[in-house]
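Take a look at the structure below.
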Amino acid sequence: MKIKKILSIQKKITDKNIIVNGWVKNRRGSKNVFFISLNDGSTIENLQIVCESKSINEEVIKQITTGSCLSVSGLLKTSDGSKQTVEVLAEKILILGKADADKYPLQPKKHSLEFLRENAHLRFRTNTFSSVFRIRHSLTFAIHNFFNLNGFTSLHTPIITSADAEGAGEMFKVTNYDLNNIPLGENGEVDYSKDFFGQKTSLTVSGQLEAELGALGLGKVYTFGPTFRAENSNTSRHLAEFWMIEPEVAFADLKENIDLAEKMLKYCINYCLDNNKLDLEYLNMRLKNEESQLKKELRSESSLLERLKFVVNNEFKRLSYTEAIKILLHSKANKKKRFRFQISGFGDDLQSEHERYLVEKEFKRPVVITDYPKEIKAFYMRLNEDEKTVRAMDILFPEIGEIVGGSQREERLKILQKRMKEMNIDEKHLWWYLDTRKFGSCEHSGFGLGFERLVMFVTGMKNIRDVIPFPRTPKNAEF
Ligand code: ATP
Ligand code: MN
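Residue numbering for the sequence shown follows the numbering used here, starting at 931 and increasing by one per position.
Pasting the structure below:
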């Protein structure tokens, strides 16, 4: 039986013989009785195993060390102890896998997140990481559930792409050339015609362009897949390989797009509040402890659980880029030169310090900024009447900053071609994208949600490397 099941049906099944498998979190005891905390990953809670020396052989007991893997058969019974309601009185213990006590890296004490990152192959066994990855699973499930319930078709867009014009970030090249002997053309540049795909290819930075093609036939689609950016940014919010959720909806304008994103984010957070209570309570406590070590001004104003409940119960603040710039321009922080990047007026790109100011100081809630200057946004965003701004939207979250970037797409062929020309994007690479504007084009919108940023928000983890099983960052692709 799984420990989650044992602990959830508790009293009804006591005095029953069961078999339970798991890893030893901790062991303590004396010569005659010996207690093991066993965990199997199904829940953050451990099951107490009681071993009496009269039934378990001394040789076996010696090998039961922290980290070893056991199969225990015994009697499930009501516990006399105050910490647990049930326990298992062991009748037989099989050591499935020993763990050398001197060498096992995860001792029963607090380890730093950095240390656990270096031991990412074992960190699934800790309370923190098992909680994070159970929540990551719940969020994955909630996302698919949300779109399915709302009539979306899931679309797997390609990971290898020849479209390098999107401009969302630096791309990783895909080739099967022998890197020591790359065919060059007459001009001395790489001759891709002899390469595997007969053209230059890369790992995708976004599935959006292909998702748009799907939406203009299937109506409502979403992709949920890996994306890759060779950005050498090395921040706590960027990975070289991350997962993105990208819905595209035909006949939807920018407002409907924001409504969809808000509804979806709230659905996912609620799903975790309902289904990951123990994990969230643990992470809530963990964050409180961690922040208690910090100086007062660095602590969050609210706890993790308060934050999650606040977000699901309140409307996101919506305002235009122009209004946001006005607020920032007149803010004390800007006047007293407290921003690293001063705001001077319309046209400035918002840095994460500005985004966090708006979310955490000005509005104290998630903020949606719309209608950015066309110069700082992608070519496919719909041009507004003012011809200066585009129908873009970014959703900014407390502690995280940008979590969603989206827009209403430019559906008018002429204007799209003009924008591509202005931004030096060669039409010939995107002929298929332009085709959708030639044949039965319509108003449509979509967005990209960075999955790990959502996991960070829900778990309260402050480094993106701690919410993906095996992070890929500059100079790091271990495991
Ligand atoms: P940022 O300004 O934070 O780098 P961006 O403007 O490059 O983000 P988009 O191209 O709009 O982001 O991508 C959509 C979403 O994907 C972002 O809102 C963010 O949640 C997420 N995202 C973008 N880049 C990364 C990355 N390198 N690692 C993890 N998530 C990312
Ligand atoms: Mn970026």
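All residues carry an ideal CB built from backbone N, CA and C; glycine is no exception.
Which value, in whole angstroms, describes the spacing of the CA atoms of E1245 and L1195? The count along the sequence shown starts at 1 and reaches residue 1245 at position 315. The count along the sequence shown starts at 1 and reaches residue 1195 at position 265. When rounded, the distance between both Cα atoms is 12 Å.
Going by DSSP, name the residue or residues bridged to Q1338. Position 408 of the sequence shown, counted from the start, is the residue given in the question as residue 1338. Per DSSP, the beta bridge partners of Q1338 are S1375.
What residue does the beta strand (DSSP E) around M1391 start on, and which one ends it? Residue mapping note: residue 1391 aligns to position 461 of the sequence shown, counting from 1. According to the DSSP assignment, M1391 belongs to no beta strand (DSSP E), since it is labelled neither H nor E.
Could you pull out every residue in the same chain whose Cβ sits closer than 7 Å to the Cβ of V1388, ignoring the five residues on either side in sequence? For the purposes of this step, residue 1388 is identified with residue 458 of the sequence shown, where counting begins at 1. So the qualifying residues of the chain are I1065, L1069, I1199, C1202 and L1238.
Is F1077 close to the ligand ATP? I mean its beta-carbon at under 7 Å from any heavy atom of the ligand. Translated into positions along the sequence shown, residue 1077 becomes position 147. No, the Cβ of F1077 stays beyond 7 Å of every heavy atom of the ligand ATP.
Going by beta carbon distance, what residues of the same chain come within less than 8 Å of K1307, once the five residues before and after it are set aside? If you number the sequence shown from 1, residue 1307 lands on position 377. Counting only Cβ-Cβ distances below 8 Å, and skipping sequence neighbours, we find V1320, A1322 and S1337.
Buried or exposed by the 16-neighbour rule on C-beta atoms within 10 Å, applied to P1410: Past the boundaries of the shown model lies residue 1410; the chain is included only from 931 to 1409, so the question cannot be answered.
At 4 residues or longer, and completely inside the stretch 1199 to 1263: list those alpha helix (DSSP H) runs for me, N to C. Segments of the alpha helix (DSSP H) lying fully in the stretch 1199 to 1263: 1207 to 1222, 1234 to 1243 and 1251 to 1259.
Residues bridged to P1303 by DSSP? Translated into the one-based positions of the sequence shown, residue 1303 becomes position 373. Looking at the DSSP output, P1303 shares a beta bridge with T1319.
Take the Cβ of W1421 as the centre, count every other Cβ of all protein chains shown within 10 Å, and call the residue buried at 16 or more, exposed below. Shown here, the chain extends from 931 to 1409; a query on residue 1421 therefore has no answer.
Do the CB positions of F1102 and S1132 come within less than 8 Å of each other? As a working mapping, residue 1102 is identified with position 172 in the sequence shown. As a working mapping, residue 1132 is identified with position 202 in the sequence shown. In terms of Cβ geometry, F1102 and S1132 form a close pair [threshold 8 Å].
L1024 to S967 span [Cα, whole Å]: Counting from 1 along the sequence shown, the entry for residue 1024 is found at position 94. Counting from 1 along the sequence shown, the entry for residue 967 is found at position 37. Put simply, the backbone Cα of L1024 is about 15 Å away from that of S967.
Within 8 Å, strictly: CB atoms of T1134 and I1089: Position 204 of the sequence shown holds residue 1134. Position 159 of the sequence shown holds residue 1089. Yes, the pair counts as a contact, with Cβ atoms nearer than the cut-off.
Which one of C981, E988, H1168 and F1082 has the shortest CA to CA distance from G1099? Here residue 1099 is taken as the residue at index 169 of the sequence shown, counted from 1. Checking every option, the nearest Cα to that of G1099 belongs to H1168.
For a test of the three-state rule: what should DSSP assign to M1004, helix, strand or coil? Residue 1004 sits at position 74 when you count from the first residue of the sequence shown. Per the sequence shown, residue 1004 should be read as Gly rather than Met. Here DSSP, grouped into helix, strand and coil, assigns G1004 to strand.
Backbone secondary structure at L1326 - three-state DSSP: Position 396 of the sequence shown, counting from 1, holds the residue named residue 1326. Secondary structure at L1326: strand, using DSSP grouped into helix, strand and coil.
Please state whether DSSP places M1101 in a helix, a strand or coil. For the purposes of this step, residue 1101 is taken as the residue at position 171 of the sequence shown. In the structure shown, M1101 falls within a coil segment according to DSSP collapsed to helix, strand and coil.
Between E1140 and chain D, is any beta-carbon pair separated by less than 8 Å? Of the protein chains in the structure, only one exists, and it is not chain D.
Using a Cβ-Cβ cutoff of less than 6 Å, which residues in the same chain neighbour E1178 once the five nearest sequence positions on both sides are dropped? Reading the sequence shown from its first residue, position 248 is the one you call residue 1178. Counting only Cβ-Cβ distances below 6 Å, and skipping sequence neighbours, we find A1141, E1142, A1145, V1151 and G1376.
Residues that DSSP places opposite M1417 in a beta bridge: Nothing in the structure corresponds to residue 1417, since the chain is present only between 931 and 1409.
So who's on the other strand from G959, going by DSSP bridges? Reading the sequence shown from its first residue, position 29 is the one you call residue 959. G959 is bridged to F964.
Express the C-alpha separation of N976 and I949 in angstroms, rounding to a whole number. On the sequence shown, position 19 is the one that residue 949 refers to. On the sequence shown, position 46 is the one that residue 976 refers to. If I take the Cα positions, the gap works out to 15 Å.
Those runs of the beta strand (DSSP E) which lie wholly inside the stretch 1065 to 1147 and span at least 3 residues: The qualifying runs are 1131 to 1133.
So, with DSSP's three-state summary, where would you put V1297? In the sequence shown, residue 1297 corresponds to position 367, counting from 1. In the structure shown, V1297 sits in a strand (DSSP, three-state: E or B).
Heavy atom of the ligand HEM within 7 Å of V1018 beta-carbon: Absence of the ligand HEM from the depicted structure is noted, with the ligand ATP and the ligand MN being the only ligands included.
Assigned secondary structure, A1180 (DSSP; H/G/I helix, E/B strand, else coil): Residue 1180 sits at position 250 when you count from the first residue of the sequence shown. Here A1180 sits in strand by DSSP.
Considering Cα atoms alone, identify which of N1162, Y1287, S1136 and S1003 is closest to I979. Here the question's residue 979 lines up with position 49 in the sequence shown. Of the candidates N1162, Y1287, S1136 and S1003, S1003 places its Cα closest to the Cα of I979.
E1332 CB to nearest heavy atom of the ligand ATP below 7 Å: Walking along the sequence shown from the start, residue 1332 turns up at place 402. For the ligand ATP, at least one heavy atom lies less than 7 Å from the Cβ of E1332.
Where do the N-terminal and C-terminal ends of the alpha helix (DSSP H) with E1044 fall, by residue? In the sequence shown, residue 1044 corresponds to position 114, counting from 1. L1043 to E1048 is the extent of the alpha helix (DSSP H) around E1044.
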